[in-house]
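Q: Numbering (the numbering used here), first residue to last: 32 to 605.
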DNA sequence: GCCGTTTTCGGCCCGACTGTTTTCAGTCG
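1. In this structure, what does DSSP give as the bridge partners for residue 317?
2. Only counting runs of 4 or more residues, tell me where the alpha helix (DSSP H) segments fall wholly within the region 87-127, in order along the chain.
3. Taking residue 350 as the reference, give the member of 304, 466 and 324 with the closest Cα.
4. Could you pull out every residue in the same chain whose Cβ sits closer than 8 Å to the Cβ of residue 262, ignoring the five residues on either side in sequence?
5. Measure the alpha-carbon distance for residue 520 versus residue 485 and round it to whole angstroms.
6. To the nearest angstrom, how far is it from the Cα of residue 497 to the Cα of residue 536?
7. Taking 8 Å as the cut-off, does the region 407-417 touch the region 581-590 (at least 3 CB pairs, one atom from each stretch)?
8. Helix, strand or coil for residue 414 per DSSP?
9. Could you say which of 117, 552 and 575 lies nearest to residue 539 if we only look at CA atoms?
10. State the Cα-Cα distance for the pair residue 287 and residue 328, rounded to the nearest angstrom.
11. Would you call the region 85-96 and the region 109-120 in contact, with 3 or more CB pairs under 8 Å?
12. Give, in chain order, every unbroken run of the alpha helix (DSSP H) that is at least 4 residues long and sits entirely within the region 453-507.
13. Would you give the residue range spanned by the alpha helix (DSSP H) that residue 433 belongs to?
14. Hey, which unbroken runs of the alpha helix (DSSP H) at 4 residues or more fall wholly within the region 539-563?
15. Let's see if you can read the secondary structure: which residues bound the alpha helix (DSSP H) around residue 242?
16. For residue 211, which option in 236, 199, 192 and 196 has the closest C-alpha, if you only look at C-alpha atoms?
17. Buried or exposed for residue 63, going by 16 or more other Cβ atoms inside 10 Å?
18. From this set, 257, 271 and 227, which residue's C-alpha is nearest residue 265's C-alpha?
19. My understanding is that residue 130 touches residue 181, with C-beta atoms under 8 Å, so please give their C-beta distance in whole angstroms.
20. Look up residue 531 in the DSSP assignment and give the residues it is bridged to.
21. List the whole-angstrom C-beta distance separating residue 226 from residue 192, where the pair is believed to meet the contact cut-off of C-beta under 8 Å.
22. Applying the 10 Å Cβ sphere with the 16-neighbour rule, what's the burial state of residue 58?
23. With a CB to CB cut of under 8 Å and the five nearest residues on each side skipped, what residues in its chain are close to residue 531?
24. Under the rule that 16 or more other beta-carbon atoms within 10 Å means buried, what is residue 224, buried or exposed?
25. Reducing DSSP to helix, strand and coil, say where residue 267 ends up.
26. Using 8 Å as the threshold, is the C-beta distance between residue 546 and residue 366 below it?
27. Would you kindly work out how many angstroms separate the C-alpha atoms of residue 149 and residue 162, rounded to a whole number?
28. Indicate the three-state DSSP secondary structure (helix, strand or coil) for residue 227 in the structure shown.
29. Just to confirm the assignment, what range does the beta strand (DSSP E) spanning residue 445 have?
30. Among residues of its own chain, excluding the 5 on either side of residue 73, which ones have a beta-carbon nearer than 6 Å to its beta-carbon?
31. On a Cα-Cα basis, can you pick out the residue from 385, 442 and 338 that is closest to residue 416?
32. Shortest alpha-carbon distance to residue 233 belongs to which of 216, 554 and 126?
33. Starting from residue 214, trace the beta strand (DSSP E) both ways and give me its first and last residue.
34. Let's test the definition: count the other Cβ atoms within 10 Å of the Cβ of residue 199 and tell me whether it reaches 16, buried, or not, exposed.
35. Would you be able to state if there are at least three C-beta pairs under 8 Å between the region 344-359 and the region 379-394?
36. Output the distance between the C-alpha atoms of residue 503 and residue 144, rounded to the nearest integer angstrom.
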């Protein structure tokens, strides 16, 4: 049973949760959490590192003790320390930590005083007014617990970025429309363009705080005002999305945006760096020791400059090496929307799309593209009425016709060919040879073993006509996880066979994720970024792909479809 | 538990808010 990085990270997170409830040293707890985060974001497979005798302690945040524990997990599949903690402290207490307002101390008190081990216990105790009797708890805390238990059922998960955008952009415009508002910025993970966001943090500068806050809480989509003050208000929208508005002074605007954009880990690293320079960073600015006058704070650039760093793009602010890269002048020059020259996956009404080839081409040209690839499904994908060889031959002729009618634009002939269970392709070579690009994807038998699934991909990648592997992991956010794959092996094989991996920009896919993008880049691979559009409107989803690519440190040259059509054709010609 | 041109001990980011308290602990981001 292979141990994935996320398995190891989960174990350490659980250790951290349970240790915190036991009242362990908070910094010790933090070490486990940091190790978990480090491992989650690693672009190498930890189990492989162990097997190859790699030095885990070379990773920052992982010392002798945790390295030893990682080895134990890789070798035995579990961690004895965790089993011992579970014998002392019920595992179910961990879930109570997820409830807003309950941290390790209170969970521990609830367990010690009332024997509460689960959400049901908690609900019963709250309803019977037992909780207010515990020292340090009171009526309001008890009611808050009941409210949160209720809310947990209603809305638990994070919001896909695309969905969060639908609620946030109109609200941003609404806030901007108030006459006293000067500047508005949405911060948080939304600004870092994380694939999902938990809540929305909006910052603004303005003339009249009271009026602006009134305006905010009176927004038509507000369901419930949680708190309202002069500097901060919190509301819940009807969708359940929490939105905070914070009003700040102009001289603190940059420091505040930096602070509320995060990530927390990035902020911590910046603050530690400031301390080395006898400076203190908070959300109001950068302050020399023992002084009240800030030396920076109006803009983010100023704050970075105060700790001798260049501006770091929000998408990179995850403490995954961006500070070191900034220091050494090696920050990536991230790919932008303007760099894109084409879109390399989309469907037409030949299969499950809603527009014609010409309609897709004209819509793409209107977006400023020079080329697209039409990638309708192959026959195995019956739900999409996938094409057989004859139908694909007809489509190729149709594309030639449209190409002849557009002299400043090129439609690449392609097909989203299904990779069958044995790794062979769903259409014969003699028709695939006629294409400019062959896109290969898995749609069925997603639950094969890691070995079988990986071998299936390797066989497809080694097929001499395969150019691109589409939506490589098959995951869909909030719906299904990744296929079990040895991604390092897949990337290495793709790289040596001149096969590209796709970053599928469909908001619910975003497949590859940011970590895999970074992993590919570190191997010197190029990726395609494609929308997989099924309508002309969906071509606009490309921005989510660009967001993810930037989070994966990709530069313009790392992306296949930033290159000219001639270069793309050369790359596909192998 | 991690880490180190103030190194092997003694630190570890910082402030706001809330609710419970009469000065603060716990939680959150």
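Cβ atoms here follow ideal geometry from the backbone N, Cα and C, with glycine treated the same way.
A: The relevant details are as follows:
1. DSSP lists 312 and 327 as partners of residue 317.
2. 95-107, 111-119 and 124-127
3. 304
4. Answer for residue 262: 240, 277, 278 and 279, listed in chain order.
5. For the pair residue 520 and residue 485, the Cα-to-Cα distance works out to about 8 Å.
6. 21 Å
7. no
8. helix
9. Nearest of 117, 552 and 575 to residue 539, Cα basis: 575.
10. 8 Å
11. no
12. Runs found: 460-463 and 481-493.
13. 420-436
14. You should have 545-553.
15. 240-248
16. Of all alpha-carbon atoms in 236, 199, 192 and 196, the one lying nearest the alpha-carbon of residue 211 is that of 236.
17. Buried is the call here.
18. Out of 257, 271 and 227, 257 has the C-alpha closest to the C-alpha of residue 265.
19. Not confirmed; about 11 Å, so no contact.
20. 499
21. 6 Å
22. exposed
23. 498, 499, 500, 525, 556, 557, 558, 559, 591 and 602
24. buried
25. It is a strand residue.
26. Cβ distance not < 8 Å, so residue 546 and residue 366 don't count as in contact.
27. 14 Å
28. Strand, per DSSP.
29. 441-449
30. 36
31. Considering only alpha carbons, the answer is 385.
32. 216
33. It spans 212-217 - the beta strand (DSSP E) in which residue 214 sits, taken as one unbroken run.
34. That one is buried.
35. no
36. 50 Å
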